[in-house]
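Shown next, in structure tokens, is the structure this report addresses.
Numbering (this note's numbering), first residue to last: 1 to 65.
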């Protein structure tokens, strides 16, 4: 189910961004895809989703300057 993958993406991004440490987005995406084979998505799709969500957080309404 893609909903479970979406929740895991959001949770993982929250943890990554809170840590402020460098990370390998492709490796993170691969791990998420492997944990959710039922979602039938490609790693590139998860990377694109993660980048989109990260970019949403950098706009003028972002809580982190």
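Just so it is clear, CB atoms sit at the ideal spot from N, CA and C, and this is done for glycine as well. All figures in this text were calculated on a predicted structure; none of them were measured in a lab.
Residue 20 - DSSP class collapsed to helix/strand/coil: Coil.
Proximal residues to residue 51 (C-beta, below 8 Å), its chain only, five neighbours per side dropped: Excluding residues within five positions, the ones whose Cβ falls inside 8 Å are 25.
Simplified DSSP state of residue 41, which is helix, strand or coil: DSSP places residue 41 in coil when its eight states are reduced to three.
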